[in-house]
Ligand code: FA5
Ligand code: MG
């Protein structure tokens, strides 16, 4: 079940992911379709909405969290291979052996011991072992989830972790005498408020810092009027845990999970004298709200009508996505020798007036200076699309020919 309609990699056969060869075993359930998404790294593609929102969030952390010498304290990782071990994705996060997320029905396995990470939390342990106290880890994650407007089997998460020493936790307290991070006896039980080893004082200060960090981020992204709420929840790797929901199209949309890190994780990673918080947010969910993108599938669009709406130099530029036609684009190039006193805008105006609304975009894709007769040629790419129907090749050819003829007559261009 589950794999309906998906071609599978044959057991015993080999396949490649990011240049690495793997041999399929009885756990393998990655499909060629899913593998084809690996390495696209939409979050690192300049001007992609997921890259813009990533940069906005990083800007917020860089600007608001600095050390004494005013350097950002959060280290950023956005290029970690999504193929991880079951230790990284599950064991290191204290996810029990029988947890449903380990099942083949929920996770894309590469082999029995390797899988496509289902959460960026998979990198918490290794980054803490490397010595980082504050970091953001951004990447593509994979889940055998249903597909609808807000769910997709590949999406992008940002993990945030911040560890604190005792003096850091109680820094803002007037008289910190007697305040400690840890209970001095192991007789204390876990409650809904805290883990057994933590003091309530420390945990409450951390909860305040975590929620404040994330609600300020929400205000930085969406402005002061954003409506949000905190919901109690459960994760095996944090306690207590919360989810942040924001109002999106009149419904509460979950955008992140977070909590106080399980102390055992810090112990295993060699940071036993610190306590920490962690969060994992869904970049698509935030970007949908921020840019008014109605469907998560649009993030995978190569359609220039979609992508061009995000071509801004400054990621803080406000953008409101305008739906493009659902009908396909049709592209035709036109090359000609340009006459004297020619300007590009003359051609753009002419294309608009002859082609009308079915011209979606015109770009100069090539310029060439002929060495002998010193003439310059331009090649323009014209993208045609109708708002209400699929254009036939004949319709496009007719308009393209009219444009060419008008350019010859009015601009005195010389077709090549
Ligand atoms: C997690 O993945 C936890 N690792 C988050 C976490 C990190 C908790 C650190 C505590 C500490 P969850 O499965 O709820 O939790 O996913 C986190 C976010 O990813 C969700 O809030 C949502 O914004 C996004 N998300 C989850 N599933 C999908 C999906 N199928 N498509 C798009 N976004 C999704
Ligand atoms: Mg969740």
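In this note's numbering, the protein residues as written are 175 to 590. Just so you know, even glycine gets a beta-carbon here, dropped at the ideal spot from N, CA and C.
**Request:** Would you mind working out which of 318, 558 and 426 sits nearest residue 569, comparing C-alpha positions?
**Result:** Within the chain shown, residue 569 is the residue found at index 395, counting from 1. Cα-wise, what sits closest to residue 569 is 558.
**Request:** Could you have a look at residue 193 and say whether DSSP puts it in helix, strand or coil?
**Result:** Along the chain shown, one-based indexing puts residue 193 at 19. Look at residue 193 here: in three-state DSSP terms it is coil, with no helix or strand label.
**Prompt:** From the DSSP output, which residues share a beta bridge with residue 403?
**Reply:** Here the question's residue 403 lines up with position 229 in the chain shown. Listed as beta-bridge partners of residue 403 by DSSP are 419.
**Asked** Between the region 317-334 and the region 451-461, do at least 3 Cβ pairs fall closer than 8 Å?
**Response** Flag = yes, the region 317-334 and the region 451-461 touch.
**Prompt:** residue 434 by DSSP, collapsed to three states: which one?
**Reply:** As a working note, residue 434 is residue 260 in the chain shown. Note: residue 434 maps to strand in three-state DSSP.
**Message:** From the DSSP secondary-structure annotation, give me the bridge partner or partners of residue 615.
**Reply:** Because the chain is modelled from 175 through 590, residue 615 falls outside the range shown and cannot be assessed.
**Prompt:** Can you list, in chain order, the residues of its chain whose CB lies under 6 Å from that of residue 325, leaving out five sequence neighbours each side?
**Reply:** Against the chain shown, residue 325 aligns to sequence position 151. For residue 325, where only same-chain residues beyond five positions count, the Cβ hits under 6 Å are 319.
**Contiguous alpha helix (DSSP H) assignments of at least 4 residues, all confined to the region 198-272** = Complete alpha helix (DSSP H) runs here, min 4: 206-209, 223-238 and 260-263.
**Asked** So, are the CB atoms of residue 347 and residue 330 less than 9 Å apart?
**Response** Here the question's residue 347 lines up with position 173 in the chain shown. Here the question's residue 330 lines up with position 156 in the chain shown. The answer is no: Cβ separation not under 9 Å.
**Message:** Beta-carbon within less than 6 Å of residue 417's beta-carbon, same chain only, minus the 5 sequence neighbours each way: which residues are those?
**Reply:** As a working note, residue 417 is residue 243 in the chain shown. 405, 407, 428 and 431, listed in sequence order.
**Prompt:** Expressed to the nearest angstrom, what Euclidean distance is found between the alpha-carbon atoms of residue 473 and residue 226?
**Reply:** Position 299 of the chain shown, counting from 1, holds the residue named residue 473. Position 52 of the chain shown, counting from 1, holds the residue named residue 226. Distance from the CA atom of residue 473 to the CA atom of residue 226, rounded to whole angstroms, is 12 Å.
**Request:** Count the CB pairs spanning the region 251-261 and the region 270-289 that are closer than 8 Å, and state whether there are at least three.
**Result:** Yes, the region 251-261 is in contact with the region 270-289.
**Message:** Using a 10 Å radius around the Cβ and a threshold of 16 neighbouring Cβ atoms, would you call residue 435 buried or exposed?
**Reply:** The residue labelled residue 435 in the question sits at position 261 within the chain shown. Flag for residue 435 reads buried.
**Item:** residue 190 versus residue 313: straight-line alpha-carbon distance, rounded
**Value:** Walking along the chain shown from the start, residue 190 turns up at place 16. Walking along the chain shown from the start, residue 313 turns up at place 139. Cα-Cα distance, rounded: 20 Å.
**Asked** Candidates 308, 496 and 230: which alpha carbon is nearest residue 217's?
**Response** As a working mapping, residue 217 is identified with position 43 in the chain shown. Closest by alpha carbon: 230.
**Prompt:** Among all the DSSP beta bridges, which residues are the ones paired with residue 332?
**Reply:** Position 158 of the chain shown holds residue 332. Under DSSP, residue 332 forms a beta bridge with 312 and 455.
**Prompt:** Going by C-alpha distance, which of 358, 232 and 356 is nearest residue 249?
**Reply:** Against the chain shown, residue 249 aligns to sequence position 75. Cα-wise, what sits closest to residue 249 is 232.
**Request:** Pull up the CB-CB distance for residue 439 and residue 298, whole angstroms please, since I reckon it's below 8 Å.
**Result:** Taking the first residue of the chain shown as position 1, residue 439 is located at position 265. Taking the first residue of the chain shown as position 1, residue 298 is located at position 124. The pair is a contact, with the Cβ atoms about 7 Å apart (cut-off 8 Å).
**Asked** Any idea if residue 192 is buried or exposed, counting beta-carbon neighbours within 10 angstroms, 16 or more meaning buried?
**Response** Counting from one through the chain shown, the residue named residue 192 turns up at place 18. Label assigned to residue 192: exposed.
**Item:** Length of the line joining the Cα atoms of residue 327 and residue 469
**Value:** Position 153 of the chain shown holds residue 327. Position 295 of the chain shown holds residue 469. Each residue's alpha carbon lies about 14 Å from the other.
**Item:** Three-pair Cβ contact test at 8 Å for the region 195-202 versus the region 441-448
**Value:** The region 195-202 is not in contact with the region 441-448.
**Prompt:** Could you give the C-beta distance for residue 235 and residue 301, rounded to a whole number, given that I count them as a contact under 8 Å?
**Reply:** For this step, residue 235 is matched to residue 61 along the chain shown. For this step, residue 301 is matched to residue 127 along the chain shown. About 15 Å separates the two Cβ atoms, so there is no contact after all.
**Item:** Burial state of residue 471 (16 or more Cβ within 10 Å)
**Value:** Here residue 471 corresponds to residue number 297 of the chain shown, with the count starting at 1. So residue 471 counts as exposed.
**Exposure of residue 501, with buried meaning 16 or more beta-carbon neighbours within 10 Å** = Within the chain shown, the letter at position 327 stands for residue 501. Residue environment: residue 501 is assigned as exposed (fewer than 16 neighbouring CB atoms within 10 Å of its CB, all protein chains considered).
**Request:** May I ask whether a heavy atom of ligand 1 can be found less than 8 Å away from the beta carbon of residue 319?
**Result:** For the purposes of this step, residue 319 is taken as the residue at position 145 of the chain shown. The answer is yes for residue 319.
**Request:** Have a look at 523, 535, 516 and 532 and flag the residue whose alpha-carbon is nearest the alpha-carbon of residue 588.
**Result:** Position 414 of the chain shown, counted from the start, is the residue given in the question as residue 588. The option with the nearest alpha carbon to residue 588 is 516.
**DSSP bridge partner residues for residue 556 (one or two, in chain order)** = As a first step, residue 556 is located in the chain shown; it is residue number 382 there, counting from the start. Per DSSP, 506 and 536.
**Request:** For residue 293, count neighbouring C-beta atoms within 10 Å of its own C-beta (all shown protein chains included) and say buried if the count is 16 or more, exposed if not.
**Result:** As a first step, residue 293 is located in the chain shown; it is residue number 119 there, counting from the start. Flag for residue 293 reads buried.
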